[in-house]
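A.B. asks:
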Amino acid sequence: MRQAGRYLPEYRALRSEAGSFLSLCYDPVLATEISLQPVRRFGLDGIILFSDILVIPDALGLDLAFKEGEGPVLQTVGTAAEIPIWEPDRFHRHLAPVYETVSKIMEQAPADATLIGFAGAPWTVATYMVEGGASKDFSRVKAWAFAEPKSFQRLIDLLIETTVEYLSAQIKAGAEAVQLFDSWAGVLPEQAFARWCVAPARAIVERLKAVYPGVPVIGFPRGAGLGYVTFAREAGIDAIGLDHAIPPAWAARELQPGHVVQGNLDPIMLLVGGKPMLEEAGRILEALAAGPHVFNLGHGVLPQTPPENVAELAEFIRRWRR
Ligand code: CP3
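To convert, take the position in the sequence shown, counting from 1, and add 68; that gives this note's numbering.
1. Quick one: measure Cβ to Cβ for Phe249 and Ala189, integer angstroms, because I've assumed they're closer than 8 Å.
2. Report yes if the CB atom of Leu356 is closer than 8 Å to the CB atom of Trp388, and no otherwise.
3. Along the chain, where does the beta strand (DSSP E) that runs through Ala189 open and close?
4. Give me the Cα-Cα distance between Thr373 and Lys172, rounded to the nearest whole angstrom.
5. Measuring CB atoms only, is the segment 299–309 touching the segment 335–346, in the sense that at least three cross pairs come out at less than 8 Å?
6. Given Ala148, which residues of its chain have a CB within under 7 Å of its CB, disregarding the five upstream and five downstream residues?
7. Could you name each continuous alpha helix (DSSP H) segment of 4 residues or more that falls completely within the segment 317–372, going from the start of the chain to the end?
8. Grouping DSSP H, G and I as helix and E and B as strand, with all else coil, what is Asp157?
9. Would DSSP call Pro140 helix, strand or coil?
10. Can you tell me where the beta strand (DSSP E) holding Gly287 begins and where it ends?
11. Which residues in the same chain as Glu380 place their Cβ atom closer than 8 Å to its Cβ, once the five residues preceding and following it in sequence are excluded?
12. Roughly how many angstroms separate the alpha carbons of Ala253 and Trp191, rounded to a whole number?
13. Would you list, in sequence order, the uninterrupted beta strand (DSSP E) runs of no fewer than 3 residues that lie entirely inside the segment 241–292?
14. Could you say if the segment 162–177 and the segment 98–107 meet the contact criterion of at least three C-beta pairs nearer than 8 Å?
15. Take Ile116 as the anchor and find which of Tyr296, Leu122, Gln71, Arg351 has the nearest alpha-carbon.
16. Nearest to Val283 by CA position, among Leu256, Arg351, Gln238, Val329, is which residue?
17. Would you decide whether Arg290 is buried or exposed? Buried here means 16 or more other CB atoms lie within 10 Å of its CB.
18. How would you label Gln324, buried or exposed, when you count the other beta carbons within 10 angstroms and need 16 or more for buried?
19. Would you say the beta carbon of Asp120 is closer than 7 Å to some non-hydrogen atom of ligand 1?
20. Within this structure, are the beta carbons of Leu92 and Leu82 separated by less than 8 Å?
21. What's the gap between the Cα of Arg275 and the Cα of Gln143?
22. For Leu130, which residues from the same chain have a beta carbon less than 8 Å from its beta carbon, with the 5 sequence-adjacent residues on both sides left out?
23. At a cut-off of 7 Å, is Pro140 close to ligand 1 when judged by its beta-carbon and the heavy atoms of the ligand?
24. Rounded to a whole number of angstroms, what is the C-alpha to C-alpha distance between Arg109 and Ala177?
25. DSSP state of Phe12, grouped into three classes?
26. Please confirm whether Gly366 and Leu294 have their CB atoms less than 8 Å apart.
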């Protein structure tokens, strides 16, 4: 959950050297170093590959820029005619530096740390492609999906295909688990959630499991609320990331039987630090202690987070005993 990023001075130093965020993503030496920065500083058990979910549309040839203070700006796909044509060779050539980063991290990582590769889930990546960046109401992408589900399905199918290819290449390069980030799963009503979030996740998991049955797949249907139950039951994932609005005791009852759960401290607690942060972390650990649990945040670390608070939290988690 953005454990690498702007809140770390050592990240900001490398970013100003590289010039832009995207050039960091495609530089295996710098991306390896950045992936390992939080692991070295805090002694974390998990390493998340440093990259972004939008490298897939970038590799499909859509213009992408990250503007300071604005977030991503992406060439839009508004109709079926604008869906890019997938050229596998060009796609993998473009993403080869990411695969190389995965291998380099595995060479340099502490032996007991696990490397997690990732991709955006098709629905979330489609929201950025159709809206051209962040969105408040998702009106364009939802209107397309609701009005013309057959043509929207073509975009989702392309993203299923490319995501399977991209995650398979990360696994081949050494990723030990993979996570699918469906950051905007929470904006869809029931039927649309089943079709555009659950079904694509299941298609991706089935195809990965056919080739790599031993590699755990983590799903993160952020904001899905009660939809978490459907997602856990039907997507075929091994582990599920909880956003910070999911009550841990509810997750223990409804999700932990059958799934590893990951989560779910509100990242704002890391701005506060001290007693409120540690008490909340303790409540989460206690509520999820009877089943398999990977402690994590409910969403990404914010740029204004004091690194000392992350250190304090990591130390607390390591020492915690029921
Ligand atoms: O440690 C890590 O988690 C690093 C790897 C990582 C990044 N993005 C790096 C990043 C991961 C796993 C992501 C996922 C990602 N990217 C998601 C899904 C998770 C989520 O947050 O819901 C999404 C929706 C994106 C798209 C994206 N990338 C946005 C909306 C932004 C701008 C947000 C902002 O804070 O400016 C990014 C940029 C981005 N991705 C940064 C980092 C470290 C900040 C880049 C910078 O300014 O240096």
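The beta carbon of each residue, even a glycine, is placed where N, CA and C say it ideally should be.
C.D. replies: Well, looking at it:
1. Contact between Phe249 and Ala189 holds, since their C-beta atoms are separated by about 6 Å, short of 8 Å.
2. Trp388 sits away from Leu356, with the two beta carbons spaced by 8 Å or more.
3. Run containing Ala189: none; DSSP gives neither H nor E here.
4. Distance between the alpha carbons of Thr373 and Lys172 is about 28 Å.
5. The segment 299–309 is not in contact with the segment 335–346.
6. Excluding five sequence positions before and after Ala148, the CB atoms of its chain that fall closer than 7 Å to its own CB belong to Ser219, Arg222, given in chain order.
7. For secondary structure counted as the alpha helix (DSSP H) over 4 or more consecutive residues, the segment 317–372 holds these complete runs in sequence order: 337–340, 342–355.
8. Three-state result, Asp157: helix.
9. Correct three-state label for Pro140: strand.
10. Following the DSSP letters along the chain, one finds Gly287 inside the beta strand (DSSP E) bounded by residues 285–289.
11. Excluding positions up to five away in sequence, the list reads Gly341, Gly342, Met345, Leu346.
12. When rounded, the distance between both Cα atoms is 7 Å.
13. Complete beta strand (DSSP E) runs here, min 3: 245–250, 285–289.
14. They touch, by the three-pair rule.
15. Closest in alpha carbon position to Ile116, among Tyr296, Leu122, Gln71, Arg351, is Gln71.
16. Ranking Leu256, Arg351, Gln238, Val329 by Cα distance to Val283 puts Gln238 first.
17. Here Arg290 is buried: its Cβ has 16 or more other Cβ atoms, across all protein chains shown, within 10 Å.
18. Result: buried.
19. Flag set: Cβ of Asp120 near ligand 1.
20. Between Leu92 and Leu82, the gap from beta carbon to beta carbon is short of 8 Å.
21. Taken atom to atom, the span from the alpha-carbon of Arg275 to that of Gln143 is near 29 Å.
22. Leaving aside the five residues that flank Leu130 on each side, the residues in its chain whose CB is nearer than 8 Å to its CB run, in chain order, Leu142, Gln143, Val145, Pro152, Met197.
23. Yes, ligand 1 has a heavy atom inside 7 Å of this Cβ.
24. When rounded, the distance between both Cα atoms is 13 Å.
25. Since the first and last residues shown for the chain are 69 and 390, residue 12 lies out of range.
26. Judged by beta-carbon spacing, Leu294 lies beyond the 8 Å limit of Gly366, meaning their Cβ atoms are not closer than that value.
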